[in-house]
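What the sequence shown shows, in UniProt numbering, is residues 1 to 466, in sequence order. Note that the Cβ used here is the ideal one computed from N, Cα and C, for glycine as well. Encoded as structure tokens, the structure appears first; notes follow it.
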Amino acid sequence: MRKNVMKNFMICSTAAVAIGLIWCCADEVKAEGTEASENVVVQDDAGIWCVKNGDQVNTSYTGLAQNENGWWYIRDGYLDWGYTGVAQNEYGWWYINHGALDWTYTGLAENEYGWWYIRDGAVDWNYTGVAQNEYGWWYISNGALDWNYTGVAQNEYGWWYIKNGALDWSYTGVAQNEYGWWYVRNGALDWSYTGLAQNENGWWYINNGALDWSYTGVAQNEYGWWYVRNGALDWNYTGLAQNENGWWYINQGALDWNYTGLVENEYGWWYVRNGALDWSYTGLAEKEDGQWYVQNGGLNSSYTGLVEDGNGFHYVVNGKVNWSESDPEEAKLREYTEQVYSEVGRDLRACFNWVVNNMSYERHNGHITPPAGYTRCQWYSMKAFRDHKGNCYSYAGAFYYLAKYLGYDAEYVEGQVTKRGGGYTPHGWVEIDGKYICDPEGQAEISPYLNFYMMPKGNALLTYLR
Numbered sequence: 001m002r003k004n005v006m007k008n009f010m011i012c013s014t015a016a017v018a019i020g021l022i023w024c025c026a027d028e029v030k031a032e033g034t035e036a037s038e039n040v041v042v043q044d045d046a047g048i049w050c051v052k053n054g055d056q057v058n059t060s061y062t063g064l065a066q067n068e069n070g071w072w073y074i075r076d077g078y079l080d081w082g083y084t085g086v087a088q089n090e091y092g093w094w095y096i097n098h099g100a101l102d103w104t105y106t107g108l109a110e111n112e113y114g115w116w117y118i119r120d121g122a123v124d125w126n127y128t129g130v131a132q133n134e135y136g137w138w139y140i141s142n143g144a145l146d147w148n149y150t151g152v153a154q155n156e157y158g159w160w161y162i163k164n165g166a167l168d169w170s171y172t173g174v175a176q177n178e179y180g181w182w183y184v185r186n187g188a189l190d191w192s193y194t195g196l197a198q199n200e201n202g203w204w205y206i207n208n209g210a211l212d213w214s215y216t217g218v219a220q221n222e223y224g225w226w227y228v229r230n231g232a233l234d235w236n237y238t239g240l241a242q243n244e245n246g247w248w249y250i251n252q253g254a255l256d257w258n259y260t261g262l263v264e265n266e267y268g269w270w271y272v273r274n275g276a277l278d279w280s281y282t283g284l285a286e287k288e289d290g291q292w293y294v295q296n297g298g299l300n301s302s303y304t305g306l307v308e309d310g311n312g313f314h315y316v317v318n319g320k321v322n323w324s325e326s327d328p329e330e331a332k333l334r335e336y337t338e339q340v341y342s343e344v345g346r347d348l349r350a351c352f353n354w355v356v357n358n359m360s361y362e363r364h365n366g367h368i369t370p371p372a373g374y375t376r377c378q379w380y381s382m383k384a385f386r387d388h389k390g391n392c393y394s395y396a397g398a399f400y401y402l403a404k405y406l407g408y409d410a411e412y413v414e415g416q417v418t419k420r421g422g423g424y425t426p427h428g429w430v431e432i433d434g435k436y437i438c439d440p441e442g443q444a445e446i447s448p449y450l451n452f453y454m455m456p457k458g459n460a461l462l463t464y465l466r
């Protein structure tokens, strides 16, 4: 449709006459030998603008009609100066302002069918986006205001949250469009936001305004820190999780600042203090199956040895506490027995043989005086394990501890035994269950071919007097 520019046009016929506009009536067209065009705007005898059918006003006509000055809205045959809205003709839909097609108008306009987006006077069926009128901002789909749309839509100023066709300035949350999910603050997409945000479906991780489906880790909002899996807050997760600040203990989706203890993940077991993995911690920690040794924050399942803390001494085997002792001397002796067990196994006869084969005899004049804190048995035993030499009391002491920590009812005995040439001499041995005598020094020094192991008390090779 050709755009006609009307200069000096007034919407009053008397004003039009006053400024010299000449209107061509249908009769005048006929007088020049031409047929009157249908739906041409002319003046009737009273000077009222109308559309005629022959000599009569076509009162059945409602719609757009044209003359040399432009396009006009006709209602029941007469130009309707009071009409402002959207009207149709065979060329399209147009914006009418006080009866005249307004080529300058861009914005929203209404008719009985709804609201429409007008660009330069014409309904723009290609426009999809957000447009404004005096009542607010609205979502337009293919030129028409879409009351059914809820989501995120764009115009030249940015992206906006639309609810039931209208821009909702009160909305803050996560909303969707065909490109993804986005964080909206006060109705506008906020590209600067990174963190957690909520909508009716749950809580989500937002990165620079967009829901980040690839993110798995720990994220914060005003209520705390939370575990996110593949972009969504996972209320079912309990365990360790990581973010840029470290590793954290998550309990049912939330970071638990009150938790201190061991926690497992796919890499092992770790020590958590007040919700955070504590890489500086070395010591013991509890879990449901006992105490374990932690080194630099991680459970060290390869460690075997003695560990001391405020509760005493603890012997660790493959990371797990095997036993604990409050007495430091007893703990050290027990550690020595563990070293022997690791060599020969936890077998009493093998332990007896270890003492026989791994010690050499060292004579002492009378009993030794042990250092402060040691009993005589402990000190004799310590010398045996540490120095691999000693007299009969050291032999007996070493075997006593080996038997004791295997769980036998063992007793270290200092007494007398028959000697060559008659009489008795001071001697040390071990009794098991009160029924058997074990004499490792006798085995080593008297004869390797005789049996000094588990001799019945009533049938021993020598006479043992307590």
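Mind checking Ala-398: buried by the 16 CB within 10 Å criterion, or exposed? Locating residue 398 in the sequence shown gives position 398, counting from the first residue. Ala-398 is buried by the Cβ-count criterion.
What's the C-alpha gap between Tyr-449 and Val-316? In the sequence shown, counting from the first residue as 1, residue 449 sits at position 449. In the sequence shown, counting from the first residue as 1, residue 316 sits at position 316. Those two C-alpha atoms are separated by around 38 Å.
By DSSP's criteria, Lys-383 is part of a beta bridge. Which residues make up the other side? For the purposes of this step, residue 383 is taken as the residue at position 383 of the sequence shown. Lys-383 is not bridged to any residue.
Whole angstroms are fine: how far does the CA of Trp-323 sit from the CA of Asn-365? Here residue 365 is taken as the residue at index 365 of the sequence shown, counted from 1. Here residue 323 is taken as the residue at index 323 of the sequence shown, counted from 1. Going from the Cα of Asn-365 to the Cα of Trp-323 covers about 36 Å.
Is the shortest distance between the beta-carbon of Val-321 and the beta-carbons of chain C less than 8 Å? Protein chain content of the structure displayed is limited to a single chain, and chain C is not contained in it.
Helix, strand or coil at Tyr-408 according to DSSP, with G and I counted as helix: Counted from its first residue, the sequence shown places residue 408 at position 408. In the structure shown, Tyr-408 sits in coil (DSSP, three-state: anything other than H, G, I, E or B).
Going by DSSP, which residues form a beta bridge with Tyr-325? Looking up residue 325 in the sequence shown gives position 325. According to the sequence provided, residue 325 is Glu. The question's Tyr does not apply to it. DSSP lists Phe-313 as the beta-bridge partner residues of Glu-325.
Identity of the residues DSSP links to Lys-320 by a beta bridge: Along the sequence shown, read from residue 1 onward, the residue named residue 320 stands at position 320. Paired residues: Trp-292 and Val-317.
How about the stretch 74-81 and the stretch 101-110: do they share at least three Cβ pairs that are nearer than 8 Å? Inter-segment contact for the stretch 74-81 and the stretch 101-110 is absent: fewer than three beta-carbon pairs are separated by less than 8 Å.
Thinking just about the alpha-carbon of each residue, which of Trp-181, Gly-187 and Tyr-179 is nearest to the one in Thr-172? Looking up residue 172 in the sequence shown gives position 172. Nearest option by C-alpha distance: Gly-187.
Check whether the stretch 303-316 and the stretch 367-379 are in contact - that is, three or more C-beta pairs closer than 8 Å. no
For the candidate residues Gln-443, Tyr-453, Ser-447 and Lys-419, whose alpha-carbon lies nearest to that of Ile-432? Here residue 432 corresponds to residue number 432 of the sequence shown, with the count starting at 1. The candidate whose alpha carbon is nearest that of Ile-432 is Tyr-453.
Strictly by DSSP, which residues pair up with Asn-177? Walking along the sequence shown from the start, residue 177 turns up at place 177. Gly-180, per the DSSP bridge assignment.
Quick check on the DSSP output: what are the complete beta strand (DSSP E) runs of length 3 or more inside the stretch 103-153, in order along the chain? 107-111, 114-119, 129-133 and 136-141
From Ala-16 to Gln-154, what distance separates their C-alpha atoms? Within the sequence shown, numbered from 1, the residue matching residue 16 stands at position 16. Within the sequence shown, numbered from 1, the residue matching residue 154 stands at position 154. Bear in mind that a pLDDT of 34 at Ala-16, under 50, signals an unreliable position, so the model cannot answer this.
I need the DSSP call for Ala-350, collapsed to helix, strand or coil. For the purposes of this step, residue 350 is taken as the residue at position 350 of the sequence shown. It is helical.
Whole-angstrom C-beta distance between Val-355 and Tyr-405, which should lie under 8 Å: To locate residue 405, count along the sequence shown from 1; it is residue 405. To locate residue 355, count along the sequence shown from 1; it is residue 355. About 14 Å separates the two Cβ atoms, so there is no contact after all.
If you drop the 5 nearest sequence neighbours on each side, which residues of the same chain put their C-beta closer than 7 Å to that of Ala-460? Counted from its first residue, the sequence shown places residue 460 at position 460. Excluding positions up to five away in sequence, the list reads Ile-437.
Assign Val-65 to one of three DSSP states: helix, strand, or coil. Numbered from 1 along the sequence shown, position 65 holds the residue referred to as residue 65. Checking the sequence shown, residue 65 turns out to be Ala, not Val. Note: Ala-65 maps to strand in three-state DSSP.
Looking at Gly-202 and Ala-175, is the spacing between their C-beta atoms short of 8 Å? Translated into the one-based positions of the sequence shown, residue 175 becomes position 175. Translated into the one-based positions of the sequence shown, residue 202 becomes position 202. No.
If you drop the 5 nearest sequence neighbours on each side, which residues of the same chain put their C-beta closer than 6 Å to that of Ala-444? By one-based count along the sequence shown, residue 444 stands at place 444. So the list reads Val-356, once near-sequence residues are dropped.
I'd like the span of the beta strand (DSSP E) that includes Asn-70, first residue to last. Residue mapping note: residue 70 aligns to position 70 of the sequence shown, counting from 1. According to the sequence as given, residue 70 is Gly; it is not Asn. Counted as a single uninterrupted DSSP element, the beta strand (DSSP E) harbouring Gly-70 occupies residues 70-75.
For Leu-465, does the count of other Cβ atoms within 10 angstroms reach 16, so buried, or fall short, so exposed? As a first step, residue 465 is located in the sequence shown; it is residue number 465 there, counting from the start. Leu-465 comes out exposed.
Would you call the stretch 130-140 and the stretch 157-167 touching, i.e. three or more CB-CB distances under 8 Å? yes
Grab the span of the beta strand (DSSP E) containing Glu-286 for me, first residue to last. As a first step, residue 286 is located in the sequence shown; it is residue number 286 there, counting from the start. Its beta strand (DSSP E) spans residues 283-287.
Going by DSSP, what residue range makes up the alpha helix (DSSP H) through Gln-443? As a first step, residue 443 is located in the sequence shown; it is residue number 443 there, counting from the start. 440-445 is the extent of the alpha helix (DSSP H) around Gln-443.
How big is the Cα-Cα spacing for Thr-375 and Tyr-412? As a working note, residue 375 is residue 375 in the sequence shown. As a working note, residue 412 is residue 412 in the sequence shown. Approximately 12 Å between the Cα atoms of the pair.
C-beta atoms of Thr-304 and Leu-402 nearer than 8 Å: Walking along the sequence shown from the start, residue 304 turns up at place 304. Walking along the sequence shown from the start, residue 402 turns up at place 402. Result no, Cβ atoms of Thr-304 and Leu-402 do not sit closer than 8 Å.
Could you check how far apart the C-beta atoms of Asn-300 and Val-307 are, in whole angstroms? I think they sit under 8 Å. Within the sequence shown, numbered from 1, the residue matching residue 300 stands at position 300. Within the sequence shown, numbered from 1, the residue matching residue 307 stands at position 307. Not quite, the Cβ-Cβ distance comes to about 10 Å (not below 8 Å), so this is no contact.
Considering only C-alpha positions, which residue in the set Gly-283, Arg-334 and Trp-181 is nearest to Phe-385? Position 385 of the sequence shown, counted from the start, is the residue given in the question as residue 385. Closest option to Phe-385, Cα to Cα, is Arg-334.
Residue nearest to Gly-209 in terms of C-alpha spacing, selected from Leu-196, Gly-297 and Thr-84: Residue 209 sits at position 209 when you count from the first residue of the sequence shown. Comparing alpha-carbon positions, the option among Leu-196, Gly-297 and Thr-84 lying closest to Gly-209 turns out to be Leu-196.
Compare the C-alpha of Gly-129 against each of Trp-226, Tyr-149, Gly-290 and Gly-261 and name the closest. To locate residue 129, count along the sequence shown from 1; it is residue 129. Answer by Cα proximity: Tyr-149.
Going by beta carbon distance, what residues of the same chain come within less than 7 Å of Glu-362, once the five residues before and after it are set aside? Residue numbering aside, residue 362 sits at position 362 when the sequence shown is read from its first letter. Around Glu-362: Lys-389, Gly-390 and Asn-391.
With DSSP run on the structure shown, which of helix, strand or coil describes Cys-24? Taking the sequence shown and counting its residues from 1, one reaches residue 24 at position 24. A caution first: Cys-24 carries a pLDDT of 31, below 50, which makes its placement in the model unreliable, though a value can still be read off. Coil at Cys-24, not helix or strand.
Among residues of its own chain, excluding the 5 on either side of Trp-257, which ones have a beta-carbon nearer than 7 Å to its beta-carbon? For the purposes of this step, residue 257 is taken as the residue at position 257 of the sequence shown. Counting only Cβ-Cβ distances below 7 Å, and skipping sequence neighbours, we find Asn-274 and Gly-275.
Ranges of the beta strand (DSSP E) found wholly within the stretch 161-220, counting only runs of at least 3: 173-177, 180-185, 195-199 and 202-207
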